[in-house]
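To start, the structure itself, in structure tokens.
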Amino acid sequence: METPACTVETTGAKRTCCGSMRDFFTSAKFLIYMGHALSTWGDRMWNFAVAVFLVELYGNSLLLTAVYGLVVAGSVLLLGAIIGDWVDRNPRLKVAQTSLLVQNSCVILCGILLMVVFQFKEQLVNLYSGWILTICYILVITIANIANLASTATSITIQRDWVVVVAGQDSSNLADMNATVRIIDQLTNILAPMLVGQIMSFGSHFIGCGFISGWNLVSMCLEYALLWSVYQKTPALAVKAGQKEQQQELKPLGPQKELENGQSPEESSQPLMNDALVVTTPDSPKERGCWYQVSEPLRTLKFGWVAYYNQNIFFAGMSLSFLYMTVLGFDCITTGYAYMQGLNGSVLSLLMGASAVFGICGTVAFTWVRKKCGLIRTGFISGMAQLTCLMMCVASVFTPGSPFDLSVSPFEDIITHLVGEKTLTNSEIGGIHMVVNATIASPTEDVPPLQSYISVSLLFAGVIAARVGLWSFDLTVTQLIQENVIESERGVINGVQNSMNYLLDLLHFIMVILAPNQEAFGLLVLISVSFVAMGHAMYFRFAFKSMGTRLFLCCSPEQKVESPDSISLPTVV
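Each residue of the sequence shown is one higher than the last, beginning at 16 in our numbering.
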């Protein structure tokens, strides 16, 4: 009896489908997604928990949290280029494994130390007049900072280098991978803090520390195995441009000039400060001396910033950094202001969830718009969309319910604390101080809602809607850096980019410190929108210089132009 042809075809289709699924789940791309999900889940849990732990340890004060934030931001600002240069100089597998082991080991050690402090805090307070406890605080902040630096190295090597190599020469594949990685970031940013928060709420801080330490121990082993599998499945990862030369001497970082006459990025890169570098040679005693070794990080730092300035995507990178100079995000400042306007924790959690959903929509929109309009145009469209949505935030400053009043002294609440008044009114609490005051306030004290919610509703409507353009623009600049920076400088350029981001983020906190009152929050909104506008103006300069008037012309995917000359991904030999 013959088997019907339709049955044979159905069986073959099922086998093909199963084979395709098996190939995807064992591919290097999926393994990178899994490793990134494990890594970011651990990072988000730790970043959320460490702030809570430090507040709990120091008697419901934000002092330790503020010191930790300052140390972390300052370290990345100063060492970003050096970390990136270390990524460039060493084999990919060594960099990924080392940063993974250092990061997770530091988190595990920090968790164990916090468990000891929580368990024996009363004894440590009385031991040597509390100096042992102070040393524990210093160790926790120091080890946590090392973990953050290692996390920075992991982010640079995986998201900015390995992803490019795994994607190959396919720009669409690279865009899809970047978007998927960003969606993973968005989901873990919501779910991971929820999990560890529930554990600490129904258990204790001691149990929370133990859970995070155990998670990082298991995650470290799994991530290590996933990295090895990706490395084995992608032979191109074993070859790194300029690796032998960089191991022999300090290679002067070259600027990437405007691409002309169809030159590749490698051909257009010229060494910097040649006259200064030919004074000594690697074999000279002076270069081998102690001072040369001590000053090498400073030279690396200098060369990294100069190379970043000379990149043809310099203004695109700067435009992304300027978006960090804003209070229009779901950080402690904006959520604190919302609390002052009468929004409770339940409403804020819903708004944060909506923000994440719009962020995911932005990553999906990025891939679709890029296919239709091209990468550079996608950044321009995303920037215009973000600025348009932020106009609602500008309108919220002048609508009913807004506490905007520049006649109130920005230091009124600080003076109140200094003179020792115990009672604080609603108008005397500023953006950053809100969190402190809410922590030390009596449990029965309620924040009186305002008569109108029009202002705060417009503010958060603009912030949430702008997430679509923000995340699409972020992905655009990320891929521009990936495609246009030569492989031998990929780490150091991304390191400097991280430093720029942290610099502008620090400036936005300084801005809040100078004007902490809620009456001045409207001014902070206007300044934030101005910086976002300046950032997109920089991107417009980059885009117009790259494409000219073609930037405004609609074209099909086959006719789009990504740059003045056809810029392709750096070839991996």
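Beta carbons are placed, not taken as given, at the ideal position from N, Cα and C, and that holds for glycine.
If you're wondering where the values come from, they're calculated on a predicted model, not measured in any experiment.
Problem - Start-end ranges of the alpha helix (DSSP H) lying completely within the stretch 336-395, minimum 4 residues - result: For the stretch 336-395, whole alpha helix (DSSP H) runs of length 4 or above, ordered along the chain, are 347-355 and 360-388.
Practice task
Grab the span of the alpha helix (DSSP H) containing Ile98 for me, first residue to last.
Solution key: In the DSSP assignment, Ile98 falls within the unbroken alpha helix (DSSP H) covering Leu78 to Arg104.
Exercise for the section: Give the DSSP-derived three-state secondary structure of Phe68 in the structure shown. Expected result: helix
Handout entry: Contact under 8 Å by Cβ, Thr493 with Asn231
Key = Taking 8 Å as the Cβ cut-off, Thr493 and Asn231 do not qualify as a contacting pair.
Practice task
Identify every run of the beta strand (DSSP E) within the stretch 461-497, keeping only runs that are complete inside it and at least 3 residues long; order them along the chain.
Solution key: Segments of the beta strand (DSSP E) lying fully in the stretch 461-497: there are none.
Problem - Segment limits, alpha helix (DSSP H) that includes Glu238 - result: His220 to Lys248
Practice task
In angstroms with no decimal places, state the Cα-to-Cα distance between Ile98 and Leu421.
Solution key: Each residue's alpha carbon lies about 43 Å from the other.
Practice task
Express the C-alpha separation of Leu365 and Glu71 in angstroms, rounding to a whole number.
Solution key: 26 Å
Exercise for the section: Compute the distance between the beta-carbons of Val86 and Asn160, then report whether it is under 8 Å. Expected result: Yes.
Practice task
Output the distance between the C-alpha atoms of Met209 and Trp61, rounded to the nearest integer angstrom.
Solution key: It is roughly 12 Å from the alpha-carbon of Met209 to the alpha-carbon of Trp61.
Problem - Where the alpha helix (DSSP H) containing Trp146 begins and where it ends - result: Trp146 to Thr172
Exercise for the section: Could you please give the first and the last residue of the uninterrupted alpha helix (DSSP H) stretch that includes Ala565? Expected result: The sequence given here places Arg at residue 565; Ala does not occur at that position. Counting along the chain, Arg565 falls outside any alpha helix (DSSP H), and DSSP gives it neither H nor E.
Exercise for the section: Tell me whether the beta-carbon of Thr169 lies closer than 8 Å to the beta-carbon of Gln118. Expected result: yes
Exercise for the section: Taking only the alpha-carbon atoms, compute the straight-line gap between Ser35 and Arg197 and give it to the nearest angstrom. Expected result: 24 Å
Practice task
Count the other C-beta atoms from every protein chain shown that fall within 10 angstroms of the C-beta of Pro418, then say buried if there are 16 or more, exposed otherwise.
Solution key: So Pro418 counts as buried.
Practice task
Using beta-carbon positions only, say whether Gly332 and Gly510 come within less than 8 Å of one another.
Solution key: no
Handout entry: Test item: CB-CB of Leu251 and Ile508 under 8 Å
Key = A small correction: the amino acid at residue 251 is Ala; Leu does not occupy that position in the sequence shown. For the 8 Å CB-CB criterion, Ala251 and Ile508 do not form a contact.
Problem - Reference Val178, options Ala530, His523, Leu529 and Glu502, closest by Cα - result: Glu502
Practice task
Could you work out which residue in Leu521, Asn499 and Leu522 is closest to Ser561 when comparing CA atoms only?
Solution key: Asn499
Practice task
Over the uninterrupted alpha helix (DSSP H) stretch that includes Val178, give me the two end residues.
Solution key: Val178 to Ala182
Problem - Check whether Val102 and Leu164 have beta carbons under 8 Å apart - result: no
Practice task
Would you give the residue range spanned by the alpha helix (DSSP H) that Pro418 belongs to?
Solution key: Pro418 -> no alpha helix (DSSP H), and no H or E assigned at all.
Problem - Cβ pair Cys224, Gly126 closer than 8 Å - result: yes
Handout entry: From Ala410, Val245 and Ser216, residue whose alpha carbon lies closest to that of His51
Key = When the alpha-carbon of His51 is set against those of Ala410, Val245 and Ser216, the nearest one is in Val245.
Exercise for the section: Pull up the CB-CB distance for Phe546 and Met407, whole angstroms please, since I reckon it's below 8 Å. Expected result: Contact flag wrong, Cβ pair sits at about 17 Å.
Practice task
Give the secondary structure of Asn509 by DSSP, where H, G and I count as helix, E and B as strand, and everything else as coil.
Solution key: helix
Exercise for the section: Look at the Cβ atom of Ala64, then the Cβ atom of Ile205, and state whether they are nearer than 8 Å. Expected result: no
Practice task
Could you pull out every residue in the same chain whose Cβ sits closer than 8 Å to the Cβ of Ile222, ignoring the five residues on either side in sequence?
Solution key: Ile214 and Met215
Problem - Local Cβ density within 10 Å of Trp306, reported as buried at 16 or more and exposed below that - result: exposed
Exercise for the section: Check whether the stretch 308-319 touches the stretch 367-386, counting contact only when three or more Cβ pairs, one atom from each stretch, lie closer than 8 Å. Expected result: Short answer: they don't touch.
Problem - Val500: first and last residue of the uninterrupted alpha helix (DSSP H) it sits in - result: Annotation for Val500: no alpha helix (DSSP H) segment contains it, and DSSP assigns it neither H nor E.
Problem - Separation of Leu241 from Gln326, as counted between CA atoms - result: Near 33 Å, if we compare the C-alpha coordinates of Leu241 and Gln326.
Practice task
Helix, strand or coil for Phe413, going by three-state DSSP, please let me know.
Solution key: Here Phe413 sits in coil by DSSP.
Practice task
With a 10 Å radius around its C-beta and 16 neighbouring C-beta atoms as the bar for buried, classify Ile109 as buried or exposed.
Solution key: The residue you asked about is not Ile; residue 109 is Lys in the sequence shown. With fewer than 16 other CB atoms across the displayed protein chains lying within 10 angstroms of its CB, Lys109 is exposed.
Handout entry: Boundaries (first-last residue) of the alpha helix (DSSP H) holding Ser187
Key = Note, Ser187: alpha helix (DSSP H), Ser186 to Phe217.
Handout entry: Near the ligand ATP: Asn204 beta-carbon under 7 Å from a heavy atom
Key = Ligands are entirely absent from the displayed structure, and the ligand ATP is therefore not among its contents.
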